[in-house]
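A.B. asks:
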Amino acid sequence: MTCSAVVVDRHRRVLHVRHNATGLLLAPGGHVEALDRSLLEAALREVHEEAGIPPSALCATAAYGRLPFDIDVHDIDANPAKGEGAHQHWDFRFVLQLVHGHVEVSVQPEEVSAAAWLAFDEVTSPTLRAKLCASGLDGRIEPVNASALIHDGQGRYLLHLRDNVPGIWEPGAWSLLGGGREPDDTSIEDTLRRELREEAGLEPDALEPFAVEQATGTDGLTVPIQIFTTQWNGDPASLPLTEGVMLAWIHPETMPRLRLSPSTLDLVHRHAEHCARDQAAAARPEAAGPKAGGTSVPHSVGVHLYLERDGKVLLGLRHPGSVYAGGAHHFLAGHCEQESAVACLVREAREEAGLLIDPQDVELAHVVHMVDKPGAQPRIGFVFRARHWTGTPEVLEPDRCVSWDRWPADALPEPIVPYTRAAIEGIRAGRPYTELGWT
1 MTCSAVVVDR HRRVLHVRHN ATGLLLAPGG HVEALDRSLL EAALREVHEE AGIPPSALCA
61 TAAYGRLPFD IDVHDIDANP AKGEGAHQHW DFRFVLQLVH GHVEVSVQPE EVSAAAWLAF
121 DEVTSPTLRA KLCASGLDGR IEPVNASALI HDGQGRYLLH LRDNVPGIWE PGAWSLLGGG
181 REPDDTSIED TLRRELREEA GLEPDALEPF AVEQATGTDG LTVPIQIFTT QWNGDPASLP
241 LTEGVMLAWI HPETMPRLRL SPSTLDLVHR HAEHCARDQA AAARPEAAGP KAGGTSVPHS
301 VGVHLYLERD GKVLLGLRHP GSVYAGGAHH FLAGHCEQES AVACLVREAR EEAGLLIDPQ
361 DVELAHVVHM VDKPGAQPRI GFVFRARHWT GTPEVLEPDR CVSWDRWPAD ALPEPIVPYT
421 RAAIEGIRAG RPYTELGWT
């Protein structure tokens, strides 16, 4: 038994290492050892030992999860020096993706001498090459788990006390209901609906995407989790709980006294703040609409980050399933909440891409006033230029943006959001303002 890690990056390339024993370029891998708890963990150990890549830098794919992507059977000649007769190797190959766009590779000189990233059509194994070329894998991170943030609309949240047994995720802790994607699930929402039905007999009417979080699995892999929200007002004691110890309504003020992961506590607080802002907005007089006989209409205000270096502009590729501009390129952007436009820009840059920007380093570069069609809500887009920033763009909200890339300002990619192109062209021409969609 041998296991290999097929590590795919965002450029559809696979990591190969040159093995000293054979001189061949192969995916990192080796024999299963006694302490390996699973075939996947054997592959993770090998890629860590041979290439210096820890499991936390990797995640499973939504399409294959923790199942082998390929199983290769090949003959091995006898080796009298080791007392081995002729035999076969069964190599279980697991496809994994980089959590971030880049990772440092540090080869183990005792076993391997070099590392290389090869395009799918250059992969050395014929069977693996054919499967990769036929797959839709592109290194983009998709959630492989889903959890439900269930609230009662009155400030309480439904938490699940997990069994305190070894080998499971967060044993003995309070957590959200949910679980991992399975092969028959048609979508990540389908995953959560199945888990809620199986774990507690819950079948909510509506599930709203709220955030994508990252956790560490029991095997050390990073696990992207799609968080959905839903409202329910029932009695937890009446639910047919099939996993864990109990379900209970708990107020955020009580949660710090519980055994609860910091990320779950932070998630609850963020949702509670979000609900408080919505309630405050609904209570404002202007929420009732324009005054009788008046002609004013509310405008949506968005902020957009223009990062240019060496003539190239940072753009994100929107998730194909995104409600707005799915599959198109766009600025790092967001809508203003109860905050100033610059504060919103700084927050969105940190939340979406891990970039740290000082408000003092921000200047207004362009304004776009647009309407999608006659009668639609008008929108104002402020495009800000950051003179300085810290960090390298990371995909932190993969349900919205699947990659960050720099594009020549005079050769922008397609498809691209129309007003994004218009704003970039306006900035390059020195124009401060653009109107779109008005007749």
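Counting in our numbering, the sequence shown runs from 1 upward without gaps.
Even glycine gets a Cβ: it sits at the ideal position worked out from N, Cα and C.
Tell me whether Gly316, by its Cβ, gets closer than 7 Å to a heavy atom of the ligand SAH.
C.D. replies: Among the components modelled here there is no ligand, and therefore nothing to report on the ligand SAH.
A.B. asks: Measuring straight from C-alpha to C-alpha, what distance separates Glu447 and Ser135?
C.D. replies: This structure cannot settle anything about residue 447, because the visible part of the chain is limited to 1 through 439.
A.B. asks: Straight-line CA distance for Ala5 to Gly29?
C.D. replies: If I take the Cα positions, the gap works out to 6 Å.
A.B. asks: Among residues of its own chain, excluding the 5 on either side of Gly153, which ones have a beta-carbon nearer than 8 Å to its beta-carbon?
C.D. replies: Gln231, Asn233, listed in sequence order.
A.B. asks: What's the gap between the Cα of Val165 and the Cα of Leu207?
C.D. replies: Going from the Cα of Val165 to the Cα of Leu207 covers about 30 Å.
A.B. asks: On the DSSP letters alone, give me the boundaries of the beta strand (DSSP E) that Arg385 sits inside.
C.D. replies: 379-386 is the extent of the beta strand (DSSP E) around Arg385.
A.B. asks: If you reduce the DSSP assignment to three classes, tell me which class Glu208 lands in.
C.D. replies: Of the three classes helix, strand and coil, the one that applies to Glu208 here is strand, per DSSP.
A.B. asks: Below 8 Å, how does it come out for the stretch 356-369 and the stretch 422-434: are there three or more Cβ pairs, yes or no?
C.D. replies: Touching, per the Cβ criterion.
A.B. asks: Our contact map puts Ile250 next to Asn145 with C-beta atoms below 8 Å; I'd like the distance itself, whole angstroms only.
C.D. replies: Their Cβ separation, rounded to whole angstroms, is 22 Å, which puts Ile250 and Asn145 out of contact at 8 Å.
A.B. asks: For Ile150 and Ala200, what's the separation of their Cα atoms in angstroms?
C.D. replies: The straight-line gap from Cα to Cα measures roughly 12 Å.
A.B. asks: Leu332 and Leu356 - do their beta-carbons sit closer together than 8 Å?
C.D. replies: Taking 8 Å as the Cβ cut-off, Leu356 and Leu332 do not qualify as a contacting pair.
A.B. asks: Are the stretch 107-120 and the stretch 74-86 in contact at 8 Å, needing three or more beta carbon pairs?
C.D. replies: No, the stretch 107-120 does not touch the stretch 74-86.
A.B. asks: Quick one: what's got a C-beta closer than 7 Å to Thr254's C-beta in the same chain, skipping five residues either side?
C.D. replies: Same-chain partners within the cutoff: there are none.
A.B. asks: Does the contact criterion of 3 or more C-beta pairs under 8 Å hold for the stretch 381-396 versus the stretch 335-352?
C.D. replies: Yes, the stretch 381-396 touches the stretch 335-352.
A.B. asks: So, Glu142 versus Ala211, is the Cβ gap smaller than 8 Å?
C.D. replies: The answer is no: Cβ separation not under 8 Å.
A.B. asks: Give me the Cα-Cα distance between Ala292 and Gln377, rounded to the nearest whole angstrom.
C.D. replies: Unreliable placement is indicated for Ala292, whose pLDDT of 48 sits below 50; no coordinate value is reported for it.
A.B. asks: For Arg66, which residues of its own chain have a beta-carbon under 6 Å away from its beta-carbon, when the five flanking residues on both sides are left out?
C.D. replies: Once the five neighbours on either side are set aside, the close Cβ partners of Arg66 are Leu40, Ala60.
A.B. asks: Please name the residue in Cys401, Asp358, Ser296 whose C-alpha comes closest to that of Gly321.
C.D. replies: Checking every option, the nearest Cα to that of Gly321 belongs to Cys401.
A.B. asks: Within the stretch 26-91, note down every full alpha helix (DSSP H) run reaching 4 residues or more, in order along the chain.
C.D. replies: Those alpha helix (DSSP H) runs which fall completely within the stretch 26-91 and span 4+ residues are 39-51.
A.B. asks: How should Cys344 be labelled, buried or exposed, when 16 other C-beta atoms within 10 angstroms of its C-beta is the threshold for buried?
C.D. replies: Under this definition Cys344 is a buried residue.
A.B. asks: Assuming contact is defined by CB atoms lying nearer than 8 Å, are Glu50 and Gln97 in contact in what I supplied?
C.D. replies: No, the Cβ-Cβ distance between Glu50 and Gln97 is not below 8 Å.
A.B. asks: Terminal residues of the continuous beta strand (DSSP E) containing Gly179?
C.D. replies: Gly179 -> beta strand (DSSP E) spans 177-180.
A.B. asks: Do His335 and Ser300 have their CB atoms nearer than 8 Å?
C.D. replies: Going by C-beta atoms, His335 is nearer than 8 Å to Ser300.
A.B. asks: Express the C-alpha separation of Glu203 and Asp219 in angstroms, rounding to a whole number.
C.D. replies: Going from the Cα of Asp219 to the Cα of Glu203 covers about 30 Å.
A.B. asks: Suppose only complete runs of 3+ residues qualify. What are the beta strand (DSSP E) ranges in the stretch 337-420, listed by chain order?
C.D. replies: Within the stretch 337-420, the complete beta strand (DSSP E) runs of at least 3 residues are 362-370, 379-386, 401-408.
A.B. asks: Go ahead and label Trp90 buried or exposed: buried means 16 or more other beta carbons lie within 10 angstroms of its beta carbon, across all protein chains shown.
C.D. replies: So Trp90 ends up on the exposed side.
A.B. asks: Would you list the residues sitting across from Leu265 in a DSSP beta bridge?
C.D. replies: According to DSSP, which records beta bridges pairwise, Leu265 is partnered with nothing at all.
A.B. asks: Can the beta-carbon of Met246 be found closer than 8 Å to that of Leu161?
C.D. replies: Going by C-beta atoms, Met246 is nearer than 8 Å to Leu161.
A.B. asks: Going by C-alpha distance, which of His87, Asp405, Ala43 is nearest His31?
C.D. replies: Per the Cα distances, Ala43.
A.B. asks: Could you give the distance in angstroms between the alpha-carbon of Ile427 and the alpha-carbon of Asp190?
C.D. replies: Each residue's alpha carbon lies about 43 Å from the other.
A.B. asks: For Thr216, does the count of other Cβ atoms within 10 angstroms reach 16, so buried, or fall short, so exposed?
C.D. replies: Exposed: under 16 other Cβ atoms inside 10 Å.
A.B. asks: What's the C-alpha gap between Gly52 and Val17?
C.D. replies: Distance between the alpha carbons of Gly52 and Val17 is about 11 Å.
A.B. asks: Would the beta-carbon of Gly311 fall within 8 Å of that of Pro408?
C.D. replies: Closer than 8 Å, so yes.
A.B. asks: Return the chain-ordered list of same chain residues with a C-beta closer than 7 Å to the C-beta of Ser56, the five sequence neighbours on each side being excluded.
C.D. replies: Thr216, Gly220, Thr222.
A.B. asks: Can you tell me which residues form a DSSP beta bridge with Leu96?
C.D. replies: Its beta-bridge partners are Val7, Ala60.
A.B. asks: Could you say which of Glu104, Gln88, Asp72, Gly83 lies nearest to Lys131 if we only look at CA atoms?
C.D. replies: Among Glu104, Gln88, Asp72, Gly83, the Cα nearest to that of Lys131 belongs to Asp72.
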